[in-house]
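As structure tokens, the structure follows; a few thoughts come after it.
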Amino acid sequence: MSEPMDREPVGPVDATRIPRYGGDSTFARLPRYSEVSDADALLWGVPFDTGVSYRPGARFGPGHVRQSSRLLRPYNPAVGVSPFAARQVADAGDVGVNPFDVGEAISTVESAAREMSGTGRTLITIGGDHTIALPLLRVQHERHGPLAVLHFDAHLDTWDTYFGEPYTHGTPFRRAAEEGLIDHEHSMHVGLRGPLYSGVDLAESARMGFAAVHCRDFARASLDTITERVRARLGSRPVYASIDIDVLDPGFAPGTGTPEAGGLSSRELLELLRGLEGLNLVGADLVEVSPAYDHAEITGIAASHVIYELLSILPEGR
Ligand SMILES: N=C(N)NCCCC(=O)O
Ligand SMILES: [Zn+2]
Ligand SMILES: [Zn+2]
1 MSEPMDREPV GPVDATRIPR YGGDSTFARL PRYSEVSDAD ALLWGVPFDT GVSYRPGARF
61 GPGHVRQSSR LLRPYNPAVG VSPFAARQVA DAGDVGVNPF DVGEAISTVE SAAREMSGTG
121 RTLITIGGDH TIALPLLRVQ HERHGPLAVL HFDAHLDTWD TYFGEPYTHG TPFRRAAEEG
181 LIDHEHSMHV GLRGPLYSGV DLAESARMGF AAVHCRDFAR ASLDTITERV RARLGSRPVY
241 ASIDIDVLDP GFAPGTGTPE AGGLSSRELL ELLRGLEGLN LVGADLVEVS PAYDHAEITG
301 IAASHVIYEL LSILPEGR
């Protein structure tokens, strides 16, 4: 929002007074958007998975991530921040999208994101499959111009079409590049791995403006070296982080639709995010949590901690 908040932010329900396993399931037990006068940052869900190429179920992601976020506490010692006290964060619920029409769903997400971000609210979106990154990037681009896209994923998601369809979860970043939404000098994939369709896939993605850190790099370079590479690439540009939970190894995130062996640990991803403090993060999404393949909330908990770290590194006033 444009005006600074004139009162203390309304925080999560206090778990020392009201047990955390009961009651309303908002993200981290934060207030609903309708319960606060306004918000600096909004979490919201996009329960959509009509764009998937393999296992379905990410439409149930938002509810599952919220349910798995009940144990989050207010203070983040890793970065010395209380993310819910530094700004008003609220949960805006889920948007109702058409599961039978991908084009209509994309326009619905775009208009809802535009309306919710208003004159400057930060949006953190819980998917849903990766198709939804395209309308989210369109709205961020309207405000900030070409974005330094920080894309955590096992997959490139810069492929052209699936079964002739241009709007799928494997294609959002090619569409975004075609639409001029991506800053070619400052965007990056992190966590790539697994078999491709052809060697050309990587070259095409590089032509679209993405530098790349592969999972193989994590086997050799230190986390500090990789963090520095990422920071140097993003610079001071407006950064949009799009995090596909399948960037984590299936052992750390089994509940996802297109799992690939040999991924990051939750510890590596969380620590890398902490190392991005001070960057100009303007918004983010966390996608591809498919609860039917999750056990013991393993994937949901990892996802909720990723979102918590993102909130913890938001610049002041955002
Ligand atoms: N965005 C995700 N999670 N996956 C894309 C995989 C596309 C494929 O089936 O080749
Ligand atoms: Zn992926
Ligand atoms: Zn993806």
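For the sequence shown, my numbering gives the first residue as 1, with consecutive numbering after it. Cβ atoms here follow ideal geometry from the backbone N, Cα and C, with glycine treated the same way.
**Q.** Beta-carbon proximity check, Ile182 vs Pro238, cutoff 9 Å
**A.** Cβ distance not < 9 Å, so Ile182 and Pro238 don't count as in contact.
Q) Pick from Arg66, Val149, Tyr167: whose alpha carbon is nearest that of Ala105? A) Measuring from the Cα of Ala105, the nearest candidate turns out to be Tyr167.
(Q) At a cut-off of 8 Å, would you count Thr258 as near ligand 2, judging by its Cβ distance to the nearest heavy atom? (A) True, at least one ligand heavy atom lies under 8 Å from that Cβ.
**Q.** Rounded C-alpha distance that separates Ser2 from Val10
**A.** Here the model assigns Ser2 a pLDDT of 46, short of 50, so the residue's position is not dependable, and the following value carries that caveat. Going by C-alpha positions, Ser2 is about 18 Å away from Val10.
Q. Under the three-state reduction of DSSP, which class applies to Phe210: helix, strand or coil?
A. Residue state, collapsed to three classes: strand.
Q. When DSSP builds the beta bridges, which residues end up paired with Thr256?
A. Answer is Val289, bridged to Thr256.
**Q.** Burial state of Tyr33, where buried means 16 or more other Cβ atoms lie within 10 Å
**A.** Tyr33 is buried by the Cβ-count criterion.
Q.
Could you check whether the Cβ of Ala241 sits closer than 8 Å to any heavy atom belonging to ligand 1?
A. No; taking the cut-off as 8 Å, the Cβ of Ala241 has no heavy atom of ligand 1 nearer than that.
Q) In the structure shown, what three-state DSSP assignment does Gly45 receive? A) Note: Gly45 maps to strand in three-state DSSP.
Q.
Whole angstroms are fine: how far does the CA of Thr122 sit from the CA of Val13?
A. So the alpha carbons of these two residues sit roughly 22 Å apart.
Q: Within its chain, find whatever has a CB closer than 8 Å to the CB of Ala23; leave out the 5 residues flanking it on each side and keep chain order.
A: Going by the sequence as given, residue 23 is Gly instead of Ala. Apart from the 5 residues on each side of it in sequence, Gly23 sits with its Cβ closer than 8 Å to the Cβ of Val13, Arg29 in its chain, given in chain order.
Q.
I'd like the ranges of any alpha helix (DSSP H) spanning at least 4 consecutive residues and lying wholly in the stretch 161-193.
A. Within the stretch 161-193, the complete alpha helix (DSSP H) segments at least 4 residues long are 172-178, listed from N- to C-terminus.
Q. Is it buried or exposed for Gly235, if we count other Cβ within 10 angstroms and need 16 for buried?
A. Around the beta-carbon of Gly235, fewer than 16 other beta-carbon atoms lie within 10 Å, marking it exposed.
Q) Taking 8 Å as the cut-off, does the CB of Tyr154 come closer than this to any heavy atom belonging to ligand 2? A) Residue identity differs from the one stated: residue 154 is Ala in this sequence, not Tyr. Yes, since a heavy atom of ligand 2 falls inside the 8 Å radius drawn around the Cβ of Ala154.
(Q) Here's the rule I'm using: 16 or more other beta-carbon atoms within 10 Å means buried, otherwise exposed. How should Ile132 be labelled? (A) Ile132 comes out buried.
Q: For Ile124, write down the residues that DSSP places opposite it in a beta bridge.
A: For Ile124, which the question treats as bridged, DSSP gives the partners Leu43, Ala284.
Q) What first and last residue would you give for the beta strand (DSSP E) that runs through Tyr240? A) Per DSSP, the unbroken beta strand (DSSP E) holding Tyr240 starts and ends at 239-244.
Q. What does a CB cutoff of less than 6 Å around Trp159 pick up in its chain, not counting 5 residues either side in sequence?
A. A distance below 6 Å between beta-carbons, with the five flanking residues on each side excluded, links Trp159 to the following residues of its chain, in chain order: Gly170, Thr171.
Q: May I ask you to verify whether the stretch 278-286 touches the stretch 175-190, counting CB pairs closer than 8 Å and requiring at least 3?
A: Segment contact: the stretch 278-286 against the stretch 175-190, fewer than three CB-CB distances shorter than 8 Å; contact not assigned.
Q. Ends of the alpha helix (DSSP H) at Glu103?
A. Note that residue 103 is Gly in the sequence shown, not Glu. First-last of the alpha helix (DSSP H) with Gly103: 102-117.
Q: For Phe84, name the three-state secondary structure that DSSP assigns.
A: Coil at Phe84, not helix or strand.
Q. Less than 9 Å separating the beta-carbons of Val306 and Ile243?
A. In contact: Val306 and Ile243 (Cβ atoms closer than 9 Å).
Q) Applying the criterion that 16 or more other CB atoms from any shown protein chain within 10 Å of the CB defines a buried residue, is Arg17 buried or exposed? A) A residue is called buried when at least 16 other Cβ atoms come within 10 angstroms of its Cβ; Arg17 does not meet this threshold and is exposed.
Q) Going by C-alpha distance, which of Asp129, Gly45, Gly51, Ala85 is nearest Ala113? A) Comparing Cα positions, the closest option is Gly45.
Q: Write down the C-beta distance between Ser290 and Arg55 rounded to the nearest angstrom, noting that I regard them as a contact closer than 8 Å.
A: With a Cβ gap of about 6 Å, Ser290 and Arg55 count as contacting.
Q. For the alpha helix (DSSP H) that Phe152 lies in, which residues bound it at each end?
A. Judged by DSSP secondary structure, Phe152 falls outside any alpha helix (DSSP H) and instead within the beta strand (DSSP E) spanning 148-152.
Q.
Quick check on the burial criterion: 16 or more other C-beta atoms within 10 angstroms. Buried or exposed for Gly209?
A. So Gly209 ends up on the buried side.
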